[in-house]
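Shown next, in structure tokens, is the structure this report addresses.
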Amino acid sequence: MQRAKLFTTIIVSGCLFICMLITPLLVAAGTVAVPVVAIHELFSFIGNIGSNEDDNDVTDLIESYLKTDDAKKLIQEVYKPLIKGKDIPLHHLVIPNLLAGIEDVGSELVKQQISIIEATESLEEYIDKLREKEPWKSAWEEVSTTTIVIYIESFQAYLGEEESLDPGDIPMEKFLYPLKQRAIVTSEFGSRSPITLPNGEVTSTAHTGIDLAYPGGEAATCGVPIYAAMPGEVVANERTMSQAGANWGAIRYKNLEVWYLHMRDPFPYDVGTQIKKGQFVGYIGSSGLSTACHLHFETHVNDKAVNPRNFLDF
């Protein structure tokens, strides 16, 4: 019995390894063919976040699958119509089904998820309730609720990018590159694999902005002036090193906000100040939870983080 189980594990692992090898090739060729079952099989080996080197591979597989035409069609035709007008995050429905390896997702299944979400108070409680029902019950026997929740939260920014934007309320023509000279993008908007912090805390790493820095490291990046990408009113001014973004500020125009994080010094303007496009707003720094000098540039529409590439060519 044990030998048979070991043999099966080796075969599945081998298949998944091959899948992980060919997925980048398929992406490069413009065709992505990532089976949902492969995501679940790899996920089922993890057990707990941070305990397996395949943590990153699961995230990569999910991202690759979400780029397929099948995934986009499923989201548009099944998921989104059922949550229209409801305050239910898309990733709370999509990601659990991928982690459970559910290939046949229909309206009834999603309606069941929605009813559970509406009857629970937290994401953890929602997942615990899903675990009591098939097909999630048998799929998650070896995986903790905490691990499932962290993966779901890590895709908040990725699926949030799908939120529709109202061009009439967004001043596309008003945007200005926030630095005098072009920098390189060191981290894109979207999901990143869950990580374990130095204190042992495991956290989701949804990246809700774009990081900008210059070749040459600290000497070339620290202290570079930052300029307002659009006009508007200062709506946030955080001047404490205890927060993740530390020295940062936010400027709002109608339903759009632009955030500037990890600055060297406290944000120089008070809440309510009117800012002009191109006006100086601070210097690049490394305050807060940052490992090197960079500008974290973040955009929000209707209080939801969206990809800054919707507004600027980086």
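In terms of this note's numbering, the sequence shown opens at residue 120 and continues consecutively. For every residue, glycine included, the Cβ atom is placed at its ideal position computed from N, Cα and C.
Asked: Minimum C-alpha distance to L414 - residue among I403, G225 and I221; Found: I403
Asked: Option in F433, Y346 and Y372 with minimal Cα separation from N421; Found: Y372
Asked: C-alpha distance - A238 paired with Y198, whole-angstrom precision; Found: 18 Å
Asked: Between the CA atoms of S306 and D330 - distance to the nearest angstrom; Found: 5 Å
Asked: Unbroken beta strand (DSSP E) run spanning N356, endpoints; Found: G351 to E357
Asked: Closest residue to S405 among Y379, P427 and N426 (Cα-Cα distance); Found: Y379
Asked: Unbroken beta strand (DSSP E) run spanning L295, endpoints; Found: That residue, L295, is in no beta strand (DSSP E); it is neither H nor E in DSSP.
Asked: Touching by the beta-carbon criterion (3+ pairs, under 8 Å), the stretch 385-398 and the stretch 328-342; Found: no
Asked: Within 8 Å, strictly: CB atoms of Y346 and P297; Found: yes
Asked: Pair within 8 Å by beta-carbon distance, Q232 and L209; Found: no
Asked: Reduced DSSP category for E376 - H, G, I as helix; E, B as strand; rest coil; Found: strand
Asked: Identity of the residue in V156, D188, A190 and G368 nearest D389 by Cα; Found: G368
Asked: Boundaries (first-last residue) of the beta strand (DSSP E) holding L431; Found: Note, L431: premise wrong, no beta strand (DSSP E); not H, not E.
Asked: Nearest-angstrom Cβ-Cβ length linking F308 and N216, presumed shorter than 8 Å; Found: Not a contact, Cβ separation roughly 24 Å.
Asked: Start and end residues, beta strand (DSSP E) containing Y402; Found: F399 to Y402
Asked: Presumed contact (8 Å Cβ cut-off) between F430 and T418, rounded CB distance; Found: 6 Å
Asked: Status (buried if at least 16 other CB within 10 Å, exposed otherwise) for I303; Found: exposed
Asked: Simplified DSSP state of T115, which is helix, strand or coil; Found: Because the chain here runs from 120 to 433, residue 115 falls outside it and cannot be looked at.
Asked: Burial state of L161, where buried means 16 or more other Cβ atoms lie within 10 Å; Found: buried
Asked: Span separating the alpha-carbon of E253 from that of V354; Found: 46 Å
Asked: Residue of I194, T264, E272 and S241 minimising C-alpha distance to D223; Found: I194
Asked: Residue burial classification, N366 (beta-carbon count within 10 angstroms, cutoff 16); Found: buried
Asked: Nearest neighbour of V400, chosen from G407, S409, T410 and H381 [CA to CA]; Found: H381
Asked: Sub-8 Å separation of I235 and K248 beta-carbons; Found: yes
Asked: Euclidean distance between Cα positions of K423 and K205; Found: 15 Å
Asked: 7 Å CB neighbourhood of V268 in its chain, flanking five on each side removed; Found: L242, E243 and I246
Asked: C-alpha distance - V262 paired with D176, whole-angstrom precision; Found: 16 Å
Asked: Span separating the alpha-carbon of I394 from that of V377; Found: 12 Å
Asked: Exposure label - D179; buried when at least 16 CB within 10 Å; Found: buried
Asked: Nearest to I370 (by Cα), restricted to the options G407, L228 and E352; Found: E352
Asked: Coarse secondary structure for T392, derived from DSSP in three states; Found: coil
Asked: Neighbourhood of L295 by C-beta, 8 Å cutoff - its chain only, sequence neighbours within 5 removed; Found: Y346, A347, A348, M349, K396 and G397
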